[in-house]
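First comes the structure, then the notes that go with it.
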Amino acid sequence: ERLNAVGKTVQQKGATVTMASIDALDAAKLREFIQKQDDEAPIDLVVAAAGFITPPNASSYALSDVFTSSPFQQQLIETIYKGNVDTCRNSVLPLVDRMRARKRGQICIVSSVAGLGMKSVNPIYTSTKMATYAFGECT
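The sequence shown begins at 94 in the working numbering and counts up one residue at a time.
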């Protein structure tokens, strides 16, 4: 429902919109969809904004125990990394070479000021945001 509302809003502002519900962690399916859309009408803007935050108590996790912690904590850490880093990569890489070849297009990567080294935030989350920031600078 929220996706449809956003799509409708940008269409009203003159954009061409194609919406789909695809797991952004599924690199192959996302690449196939993005490149098919780009073949039909060159994509001018890609926004990589999917991501996860850490729960409020995450800063209390003992980092030295990350790999011996509960299965829930291990899964949470893996989910945060995949959700913040892999989804960005999966959204952007299918278009980078194509945009460069046509010398057109914009890439917007939504990170966080936490990626600039905020020590008050959980280092697991902060490191994922640092990774997305660095990916954007290097792409």
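Glycine included, C-beta positions come from ideal geometry on N, C-alpha and C.
Excluding five sequence positions before and after Pro187, the CB atoms of its chain that fall closer than 6 Å to its own CB belong to Arg124, Ile127, Gln128, given in chain order. C-alpha of Val140 to C-alpha of Ala108: approximately 14 Å in a straight line. For Ile127, the enclosing alpha helix (DSSP H) starts and ends at 120 to 133. Around Lys122, the same chain offers Ile115 as residues with beta carbons nearer than 6 Å, after the five sequence neighbours per side are excluded. Of the residues assessed, Ser163 falls on the exposed side of the cut-off, its CB having fewer than 16 other CB atoms within 10 angstroms.
In the DSSP assignment, Ile202 falls within the unbroken beta strand (DSSP E) covering 199 to 202. In terms of Cα proximity to Met112, the closest of Ala194, Val103, Thr180, Leu209 is Val103. For Ala141, the enclosing beta strand (DSSP E) covers residues 138 to 141. Within the same chain, Lys175, Gly176, Asp179, Thr180, Asn183 come within 8 Å of Leu118 by CB-CB distance, once the 5 residues on both sides are set aside. Taking Glu171 as reference, the option from Val185, Arg191, Ile146, Leu209 with the minimal CA-CA separation is Ile146.
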